[in-house]
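Taken in order, these protein sequences are the chains called A and B. Each residue of the first sequence is one higher than the one before, counting from 77 in this note's numbering. Each residue of the second sequence is one higher than the one before, counting from 2 in this note's numbering. Positions of the beta carbon are idealized from the N, C-alpha and C atoms, including for glycine. Everything numeric in this text was worked out from a predicted model, so none of it was measured. Below is one structure, written out as structure tokens; comments come after it.
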Amino acid sequence: MSKVALDRLLEKFGDAVIESHANHGDETAIVKAERLHEVMAFLRDDPVTSMELLSDVTAVDLLGIKEPRFEVVYHLYSISKNQRLRIKAPVSEEDPKISTVTDLFKVAVWEEREVYDLYGIRFEGHPDLRRILLYPEFEGHPLRKDYEIEHRQPRIPAREGRHHL
Amino acid sequence: MTNQNDHLMGAEAHLTTVDAAEGFFRKLLNKNETVQNVVNWSRKWSFFQYPFVTACCGMEYMATAGPRYDYSRFGCELPRFSPRQADLLMVVGTITHKQAPVLRTVWEQMADPKWVISFGVCASSGGFYRNYATVQGIDTIIPVDVYIPGCPPRPEAVLDALMMLQDKVQKERRPLLPVVNS
Ligand code: SF4
């Protein structure tokens, strides 16, 4: 498989890419968090890559596996070129923040809120960064690997003789 | 004074309808039945359900409502989408902690007498969602009359549950009118 998008990225932003691999059309580049916004803007506007669609933003908690602890993952898709590219950006545990891409992709408003809700990663410059899936009084971020697995935060008390597990 | 509609309906026709209804209830009462039994009998054949449908079990709920399984045979074909008009709360699907206060409020808004069916394992016990988000069985929040296991339950199981609830309602002994300050 040709890796057009990844090659183009390496050609233009070789210094921002920490690591990259491509396998059967599954192209991934790990970029420095501070260069992320720049890279995403390039990938969207460049006529070779033309990634018009940010199909997903998610994160991975690599607690005890890798340093830094978090990786924010962006899945890009080019509708006109029918090609995909995955961008990952490492984020540290002490200061889990990364610049927002909401100014490039409107859809990121909700996608980044979800990552903030479940992983506690702050997106700097996001217009409305609050929880999207869980309720406002929820404490902590449940998809972090150190969130206590049996910990429950019910909004109403259990009936007499019953208990929220 | 004659009714102005007499020429349309006929006074006898009116009398006959009342007679028929009266005779019907008398027959029930004569079989050593109590008033309570008659009331229970009419309650169990006319459930007005409030479908609280949140997840995939809803598909099976619709299948049960459709003509093949047709739960209108059990007198509960009419869903009411206002809790004030319903007496059977069907909780169909996964209930999250975020939604729990809503379910509780809907149940509180329903007028007595009311019953609850927990439809599917998610509503009954949380099912395989043993996590931070899911209520581990709606009976932690509201009382439940009949649980239907299955993920999702087959329509036969739903009909079975309806019949179980009918039996339960027939045997009930609750005040016919709500007693204030009791
Ligand atoms: S019991 Fe199964 S089918 Fe029903 S809501 Fe849960 S997961 Fe869906």
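Taking 6 angstroms as the limit between beta carbons, can you name the residues of its chain near E13 (chain B), skipping five residues before and five after?
Within the second sequence, numbered from 1, the residue matching residue 13 (chain B) stands at position 12. Unreliable positioning characterises E13 (chain B) in this predicted model, as indicated by a pLDDT of 49, which lies under 50. The coordinate reading is nonetheless provided below. Result list for E13 (chain B): empty, nothing under 6 angstroms.
If you check the beta carbons only, do E120 (chain B) and C58 (chain B) fall under 7 angstroms apart?
Counting from 1 along the second sequence, the entry for residue 120 (chain B) is found at position 119. Counting from 1 along the second sequence, the entry for residue 58 (chain B) is found at position 57. One point to set straight first is that residue 120 (chain B) is Phe, not Glu, in the sequence displayed. Contact: yes.
Consider the Cβ of P212 (chain A): report whether some Cβ of chain B lies at a distance smaller than 7 angstroms.
The residue given as residue 212 (chain A) occupies position 136 in the first sequence. No - not a single Cβ of chain B is within 7 angstroms of the one on P212 (chain A).
Using the beta-carbon of each residue, which ones in chain A are nearer than 9 angstroms to K115 (chain B)?
Here the question's residue 115 (chain B) lines up with position 114 in the second sequence. By Cβ distance, chain A contributes nothing, its closest Cβ being about 16 angstroms from K115 (chain B), past 9 angstroms.
Can you list the residues of chain A that A101 (chain B) reaches, using a CB-CB cut of under 8 angstroms?
Indexing the second sequence from 1 puts residue 101 (chain B) at position 100. For A101 (chain B), the neighbours in chain A by C-beta distance under 8 angstroms run, in chain order, P230, R231, I232.
Residue range of the alpha helix (DSSP H) that Y192 (chain A) falls in?
Looking up residue 192 (chain A) in the first sequence gives position 116. Segment 184–195, the alpha helix (DSSP H) holding Y192 (chain A).
Does the distance between the C-beta of V136 (chain A) and the nearest non-hydrogen atom of the ligand SF4 fall short of 6 angstroms?
Taking the first residue of the first sequence as position 1, residue 136 (chain A) is located at position 60. V136 (chain A): no, Cβ never under 6 angstroms from the ligand SF4.
If you measure from the beta carbon of H240 (chain A) to each beta carbon in chain B, is any gap under 7 angstroms?
The residue you call residue 240 (chain A) lines up with position 164 of the first sequence. Chain B, which has a Cβ nearer than 7 angstroms to the Cβ of H240 (chain A), makes this yes.
Beta carbons nearer than 9 angstroms to chain A: which residues of the stretch 129–148 of chain B have them?
Against chain A - using a Cβ distance shorter than 9 angstroms - the residues of the stretch 129–148 of chain B are R131, N132, Y133, A134, V136, Q137, G138, D140, T141, I142, I143, P144.
Taking the Cβ atom as the reference point for each residue, do A109 (chain A) and L180 (chain A) lie within a distance shorter than 7 angstroms?
As a working mapping, residue 109 (chain A) is identified with position 33 in the first sequence. As a working mapping, residue 180 (chain A) is identified with position 104 in the first sequence. In this structure, L180 (chain A) does not lie closer than 7 angstroms to A109 (chain A) by Cβ.
For E128 (chain A), which residues of its own chain have a beta-carbon under 8 angstroms away from its beta-carbon, when the five flanking residues on both sides are left out?
For this step, residue 128 (chain A) is matched to residue 52 along the first sequence. Correct list, in chain order: R120, Y153, S154, I155, S156.
Less than 7 angstroms between the beta carbons of V149 (chain A) and I197 (chain A), yes or no?
Stepping through the first sequence from its first residue, residue 149 (chain A) is reached at position 73. Stepping through the first sequence from its first residue, residue 197 (chain A) is reached at position 121. Going by C-beta atoms, V149 (chain A) is not nearer than 7 angstroms to I197 (chain A).
R231 (chain A) and A101 (chain B) - do their beta-carbons sit closer together than 7 angstroms?
For the purposes of this step, residue 101 (chain B) is identified with residue 100 of the second sequence, where counting begins at 1. For the purposes of this step, residue 231 (chain A) is identified with residue 155 of the first sequence, where counting begins at 1. Yes, they are a contact pair.
V80 (chain A): beta carbon under 6 angstroms from a heavy atom of the ligand SF4?
One-based indexing of the first sequence puts residue 80 (chain A) at position 4. Distances taken from the Cβ of V80 (chain A) to the heavy atoms of the ligand SF4 include none shorter than 6 angstroms.
What is the residue span of the beta strand (DSSP E) that F48 (chain B) lies within?
The residue you call residue 48 (chain B) lines up with position 47 of the second sequence. Annotation for F48 (chain B): no beta strand (DSSP E) segment contains it, and DSSP assigns it neither H nor E.
Host alpha helix (DSSP H) of E109 (chain B) (start-end)
Position 108 of the second sequence, counting from 1, holds the residue named residue 109 (chain B). DSSP places E109 (chain B) inside the alpha helix (DSSP H), whose first and last residues are 101–110.
Proximity test, Cβ basis, 7 angstroms: R105 (chain B) and chain A
Taking the first residue of the second sequence as position 1, residue 105 (chain B) is located at position 104. So, interface residue.
Less than 7 angstroms between the beta carbons of D137 (chain A) and K221 (chain A), yes or no?
Position 61 of the first sequence holds residue 137 (chain A). Position 145 of the first sequence holds residue 221 (chain A). When the beta-carbon positions are compared, D137 (chain A) and K221 (chain A) come within less than 7 angstroms of each other.
DSSP-derived helix/strand/coil call for L9 (chain B)
Within the second sequence, numbered from 1, the residue matching residue 9 (chain B) stands at position 8. In this prediction, L9 (chain B) has a pLDDT of 49, which is less than 50 and means its spatial position is unreliable; nothing more can be read from the coordinates.
Quick check: the stretch 161–169 of chain B against the stretch 131–138 of chain B, are at least 3 beta-carbon pairs closer than 8 angstroms?
No: fewer than three Cβ pairs fall under 8 angstroms.
When you compare only the Cα positions, how much space is there between R238 (chain A) and V147 (chain B)?
If you number the first sequence from 1, residue 238 (chain A) lands on position 162. If you number the second sequence from 1, residue 147 (chain B) lands on position 146. If you take the alpha carbons of R238 (chain A) and V147 (chain B), they lie about 17 angstroms apart.
Do C77 (chain B) and the ligand MG come close, with the Cβ less than 6 angstroms from some heavy atom?
Looking at this structure, you won't find the ligand MG anywhere; what it does contain is the ligand SF4.
Name the residue from B:Q86, B:V93, B:Y72 whose alpha carbon lies nearest to the alpha carbon of P154 (chain B).
As a first step, residue 154 (chain B) is located in the second sequence; it is residue number 153 there, counting from the start. Closest option to P154 (chain B), judged by alpha-carbon separation, among B:Q86, B:V93, B:Y72: B:V93.
Can you tell me whether DSSP reads F82 (chain B) as helix, strand or coil?
Here residue 82 (chain B) is taken as the residue at index 81 of the second sequence, counted from 1. It is coil, neither helix nor strand.
Contact between the stretch 123–130 of chain B and the stretch 210–224 of chain A is defined here as three or more beta-carbon pairs at a separation below 8 angstroms; is this criterion met?
Touching, no.
Alpha carbon to alpha carbon, what distance is there between H151 (chain A) and S247 (chain A)?
What the structure shows of chain A is the stretch from 77 to 241, and residue 247 (chain A) is not part of that stretch, so it cannot be assessed.
Run of the beta strand (DSSP E) containing A109 (chain A), from where it starts to where it stops
Indexing the first sequence from 1 puts residue 109 (chain A) at position 33. Per DSSP, A109 (chain A) lies in no beta strand (DSSP E) and is assigned neither H nor E.
Using a threshold of 7 angstroms, state whether the C-beta atoms of P150 (chain B) and V122 (chain B) are closer than that.
Indexing the second sequence from 1 puts residue 150 (chain B) at position 149. Indexing the second sequence from 1 puts residue 122 (chain B) at position 121. Yes, they are a contact pair.
T135 (chain B): CB within 6 angstroms of a non-hydrogen atom of the ligand SF4
In the second sequence, the residue the question calls residue 135 (chain B) occupies position 134. Outside the cutoff, so no.
8 angstroms CB neighbourhood of V140 (chain A) in its chain, flanking five on each side removed
Along the first sequence, one-based indexing puts residue 140 (chain A) at 64. Correcting the residue type first, residue 140 (chain A) is Gly in the shown sequence and not Val. K221.
Is P150 (chain B) a contact residue of the ligand SF4, with contact defined as CB to any heavy atom under 6 angstroms?
To locate residue 150 (chain B), count along the second sequence from 1; it is residue 149. Incorrect: P150 (chain B) has no Cβ contact closer than 6 angstroms to the ligand SF4.
What residue does the alpha helix (DSSP H) around T65 (chain B) start on, and which one ends it?
Your numbering for residue 65 (chain B) matches position 64 in the second sequence. Run containing T65 (chain B): 58–66, per the alpha helix (DSSP H) assignment.
Label A92 (chain A) either buried or exposed according to how many other C-beta atoms from any shown protein chain fall within 10 Å of its C-beta, with 16 as the threshold for buried.
On the first sequence, position 16 is the one that residue 92 (chain A) refers to. By the Cβ-count criterion, A92 (chain A) is buried, with 16 or more other Cβ atoms from all chains shown falling within 10 Å of its own Cβ.
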